[in-house]
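Read through the structure below, which is laid out as structure tokens, and then see the notes.
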Amino acid sequence: MGQPNKRALPDGIRHKVLDEVRFLKSWLDKPLQVGAVAPSGPALAKAMARFVDPALAGSVVELGPGTGVVTKALVERGVTPDRIVSIEYDGEFCKLLRNRFPGIQFIHGDAYQMRQAVEGLAETPLSAVVSSLPLFTRPLPQRLKLLDDCLSLLAPGAPFIQFSYALVPPVPPGAGNFVIERTNWVVMNLPPARVWVYRRPA
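Using this note's numbering, the first residue of the sequence shown is number 617, and each one after it goes up by one.
Structure, rendered in structure tokens:
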């Protein structure tokens, strides 16, 4: 008898499954750094990327790209790879991302030290900062410092874009010199999430 016909998974599904396994392993190893057991979904990534204006001059800095779901959405939005500077804490994710997006500059480092990490590498003022960091795992003063550092490098009115699963914003109104807007819940993400956009008044 011949061997049963085994059909390989399509590449897209296989990559998605492998990314979820990588993400879960990284979360088990470093839960406070990763903050989620699975990558963001494409619907959430697109909801974040739509706040980025590809025509605005300056680099786009991505914080905590993970396996690159939001990175892909930024490229699909029209941001050219050479304009993206991405900071990732996990060394294995960095290797994966460099292979997956060869035109993008990936920095293996601490996104909470983003000012030092992007110095001399990003064109400022920045046109956007897109963050997938688990901000609620850090104390409020550290969250506020990160936001202040990012806003100080952004062009006036340019966005700091952050998602969360919480009902409240990761940095509350009144904590600094910024305005906030939010999206509706992205229910196609698991779990549902919303996008918070911070800007310094022009």
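Quick reminder that beta carbons are idealized off the backbone N, C-alpha and C, glycines included.
For the pair Val686 and Val676, the Cα-to-Cα distance works out to about 12 angstroms. Between Ala727 and Tyr705, the C-beta spacing is below 8 angstroms. By the 16-neighbour rule on beta-carbons within 10 angstroms, Met804 is exposed.
Taking all protein chains in view, the Cβ of Ala774 is crowded by 16 or more other Cβ atoms within 10 Å, so the residue is classified as buried. Taking Trp812 as reference, the option from Ala818, Leu806, Ile796, Val802 with the minimal CA-CA separation is Ile796. The beta carbons of Leu713 and Pro681 sit closer together than 8 angstroms. The beta carbons of Asp669 and Ser743 sit about 7 angstroms from each other, so the pair counts as a contact at 8 angstroms. Pairing Leu756 with Arg731 gives a Cβ-Cβ distance that is not under 8 angstroms. Annotation for Ala689: Ala661, Lys662, Ala665 place their beta carbon closer than 6 angstroms to its own, counting only its chain and skipping 5 residues before and after.
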